[in-house]
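The structure appears below as structure tokens.
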Amino acid sequence: MVDDGSKESLRPVAEAYQQLPVSFIRLARNSGRAAARNIGASQARGKRLLFLDGDSIPLKGLVNGHVTFGADDHEGRVLLGSRINPGWGLLANAVACGEAQKPIAAHEDDFRHLGGGEATAVDFMRHRAPWLYCYTLNLSVPRNTFTELNGFDEAFTGWGFEDTEFGYRFFESRHRNGGFDYRPDITCMHLPHFRNPRATGRESRQSLRYMKRKHPHFDIELVGTDVNPRVESKIRYYEAMLSGVRQAGLGLSATDVLRLVPDVGSRKVLWIGAGLEIDAEDRWQLDHARRAGRHNLHLLGVDTPFSEQEFDVVINVDLWRFLTPEDLSYAIIEGLRVGKQLLLVASSHIRYSGAGLGMADLDYFTEAYGSPHPLHTIKAEPGARVMQVTAA
364 MVDDGSKESL
374 RPVAEAYQQL
384 PVSFIRLARN
394 SGRAAARNIG
404 ASQARGKRLL
414 FLDGDSIPLK
424 GLVNGHVTFG
434 ADDHEGRVLL
444 GSRINPGWGL
454 LANAVACGEA
464 QKPIAAHEDD
474 FRHLGGGEAT
484 AVDFMRHRAP
494 WLYCYTLNLS
504 VPRNTFTELN
514 GFDEAFTGWG
524 FEDTEFGYRF
534 FESRHRNGGF
544 DYRPDITCMH
554 LPHFRNPRAT
564 GRESRQSLRY
574 MKRKHPHFDI
584 ELVGTDVNPR
594 VESKIRYYEA
604 MLSGVRQAGL
614 GLSATDVLRL
624 VPDVGSRKVL
634 WIGAGLEIDA
644 EDRWQLDHAR
654 RAGRHNLHLL
664 GVDTPFSEQE
674 FDVVINVDLW
684 RFLTPEDLSY
694 AIIEGLRVGK
704 QLLLVASSHI
714 RYSGAGLGMA
724 DLDYFTEAYG
734 SPHPLHTIKA
744 EPGARVMQVT
754 AA
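Heads up: take any position in the sequence shown, counting from 1, add 363, and you land on the working numbering.
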């Protein structure tokens with residue numbers, strides 16, 4: 364048990380369970396959930412580490428379920444158990460008998476049961492982004508795996524995302540091939556208590572911002588832009604689209620664009636596209652046809668790590684046309700945030716044809732997306748059309 368610098372020592376709680384081999388560690392000051400869990404994990408002696416939130420109580424069979432799974436697990440998987448968020452009646456019954464009395468209302472059930480009920484739980488074995496649901500409220504992981512990944516990132520000091528980020532690194536270490544299992548029958552129950560959504564929301568946004576800076580990849584970029592099932596679906600869509608784009612390319616190169624708008628050549632530009640053919644390694648770009656690097660981030664441009672007005676111009680060459688309608692709005696907002704000027708280039712000929720061109724009707728686009736940010740065509744030639752988006 365790790366006491367993360369609480370106002371009142373939790374030692375009496377640990378001493379109440381002297382019949383168990385409980386070790387108690389009290390930190391002098393609050394260090395955050397990541398650091399506290401790492402300290403606890405470093406003192407644990409078992410082959411498998413089980414993490415539970417301090418505001419949750421295990422129901423019957425939880426510990427045994429994780430132990431049994433670990434004994435049969437030869438692939439080093441992360442096991443996710445479920446958590447019920449009870450109302451008062453369900454809570455009273457569970458405390459009395461150690462089990463959750465069914466039926467469980469949809470709003471009380473684990474959020475991973477899409478639509479309610481265990482039969483509709485997320486299939487993590489085939490899931491593209493299981494790390495989206497990696498929460499330490501009820502989770503076990505092989506000790507050696509946890510150690511190899513250096514545990515939780517202790518730069519997370521506020522509320523949220525330190526467990527999701529660990530899950531992402533675990534998934535990447537397995538080359539994005541499985542590694543998670545979910546057992547809805549291994550259950551804990553969340554104890555109701557006062558919560559301040561505004562305070563945790565602020566901390567959560569800071570943690571998410573840090574995670575996105577640490578992992579500048581489009582799958583992490585999409586976190587928080589939509590609910591998790593839709594984020595996972597969009598990750599699949601963009602992976603397939605970008606795979607085709609990397610092979611075929613899109614439209615104009617950066618050199619071609621500069622022939623159309625030569626006045627931006629001497630300015631600080633953020634280029635977005637695929638096959639831009641920019642040789643300078645120190646030029647900021649989001650070019651998915653080039654290997655990712657320090658100045659070439661594989662992002663979509665919907666939520667970037669750049670500062671406000673960091674660039675004189677943001678030039679998006681055709682990639683914007685393949686974004687989902689919702690993400691296209693995000694990309695416009697983000698482009699206007701990080702750039703003093705936003706240009707959208709639409710090449711007349713697109714080499715990639717593996718998916719339907721989402722924004723083929725440019726006249727419709729200028730009308731549908733031209734409010735509140737006015738859109739103006741500043742250059743139109745047989746090979747391309749360049750549109751400028753103006754901040755409202």
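Every residue, glycine too, gets a C-beta built ideally from N, C-alpha and C.
Residue i classed as buried or exposed, judged by whether at least 16 other C-beta atoms fall within 10 angstroms
{"i": "A397", "result": "buried"}
{"i": "E644", "result": "exposed"}
{"i": "A747", "result": "buried"}
{"i": "C497", "result": "buried"}
{"i": "L383", "result": "exposed"}
{"i": "C551", "result": "buried"}
{"i": "I635", "result": "buried"}
{"i": "Q610", "result": "exposed"}
{"i": "A492", "result": "buried"}
{"i": "A482", "result": "Summary for A482: the model assigns pLDDT 47, below 50, so the residue's position carries little reliability; its value from the coordinates is reported in the next sentence. Label assigned to A482: exposed."}
{"i": "G614", "result": "buried"}
{"i": "S419", "result": "buried"}
{"i": "G523", "result": "buried"}
{"i": "D626", "result": "exposed"}
{"i": "E371", "result": "exposed"}
{"i": "K557", "result": "This sequence places Phe at residue 557; Lys is not what is there. Exposed is the call here."}
{"i": "R561", "result": "exposed"}
Range covered by the alpha helix (DSSP H) that runs through residue i
{"i": "H451", "result": "The sequence given here has Trp at residue 451, not His. Per DSSP, W451 belongs to the alpha helix (DSSP H) from 451-460."}
{"i": "F509", "result": "506-511"}
{"i": "I695", "result": "688-701"}
{"i": "F543", "result": "Taken as a continuous stretch (DSSP letters only), F543 belongs to no alpha helix (DSSP H), being part of the beta strand (DSSP E) at 543-553."}
{"i": "F581", "result": "581-584"}
{"i": "S536", "result": "525-536"}
{"i": "P375", "result": "374-378"}
{"i": "I402", "result": "396-406"}
{"i": "G444", "result": "G444 -> not in any alpha helix (DSSP H); beta strand (DSSP E) instead, spanning 441-447."}
Nearest to residue i (by Cα), restricted to the options the options
{"i": "L390", "options": "D472, G368, Y732", "result": "G368"}
{"i": "P579", "options": "E371, G614, H661, S606", "result": "H661"}
{"i": "R572", "options": "T527, I420, E535", "result": "T527"}
{"i": "T667", "options": "P688, V620, F534, I696", "result": "I696"}
{"i": "P555", "options": "D416, Q381, A723, T588", "result": "D416"}
{"i": "I316", "options": "A754, Y693, A468, P421", "result": "Residue numbering for the chain in the displayed model covers 364 to 755; residue 316 lies beyond these limits and cannot be assessed."}
{"i": "E462", "options": "K423, K631, F674", "result": "K423"}
{"i": "A731", "options": "S692, E371, L512, L707", "result": "S692"}
{"i": "V665", "options": "T588, G452, S606", "result": "T588"}
{"i": "Y727", "options": "P688, K742, E744", "result": "P688"}
{"i": "Y601", "options": "D544, L585, N591", "result": "L585"}
{"i": "E511", "options": "S405, L649, G564, D544", "result": "S405"}
{"i": "V306", "options": "V680, R537, R561, G542", "result": "The displayed coordinates of the chain run from 364 to 755. Any statement about residue 306 would go beyond what the structure contains."}
Same chain, Cβ closer than 6 Å to residue i, five either side skipped, listed in chain order
{"i": "F515", "result": "A397, R400, N401, E525, F529"}
{"i": "V365", "result": "I388, A399, I402, G403"}
{"i": "L705", "result": "V677, G698, L699, V752"}
{"i": "Q464", "result": "N456"}
{"i": "K410", "result": "R506"}
{"i": "I583", "result": "K575"}
{"i": "F414", "result": "T499, L502"}
{"i": "G395", "result": "T520"}
{"i": "N393", "result": "D367, G368"}
{"i": "V504", "result": "L412, V441"}
Continuous beta strand (DSSP E) stretch holding residue i: start and end
{"i": "M750", "result": "747-752"}
{"i": "G433", "result": "Per DSSP, G433 belongs to no beta strand (DSSP E); it is in the alpha helix (DSSP H), 425-435."}
{"i": "R646", "result": "That residue, R646, is in no beta strand (DSSP E); it is neither H nor E in DSSP."}
{"i": "T740", "result": "738-744"}
Beta-carbon proximity list for residue i, same chain, < 7 Å, skipping 5 on both sides
{"i": "V385", "result": "M364, A377"}
{"i": "E671", "result": "R700, V701"}
Contact set for residue i: own chain, Cβ-Cβ below 8 Å, skip 5 residues either direction
{"i": "K546", "result": "Looking at the sequence itself, residue 546 is Arg, so the reference to Lys does not match. Excluding residues within five positions, the ones whose Cβ falls inside 8 Å are G428, F432, L442, L443, G444, S445."}
Heavy atom of the ligand PLP within 7 Å of residue i beta-carbon
{"i": "G733", "result": "With respect to small molecules bound, the structure shown includes none, and the ligand PLP cannot be examined in it."}
Does the segment 672-687 come close enough to the segment 703-713 to have 3 or more Cβ pairs within less than 8 Å?
yes
Can at least three beta-carbon pairs, one atom from the segment 621-640 and one from the segment 595-603, be found at a separation below 8 Å?
no
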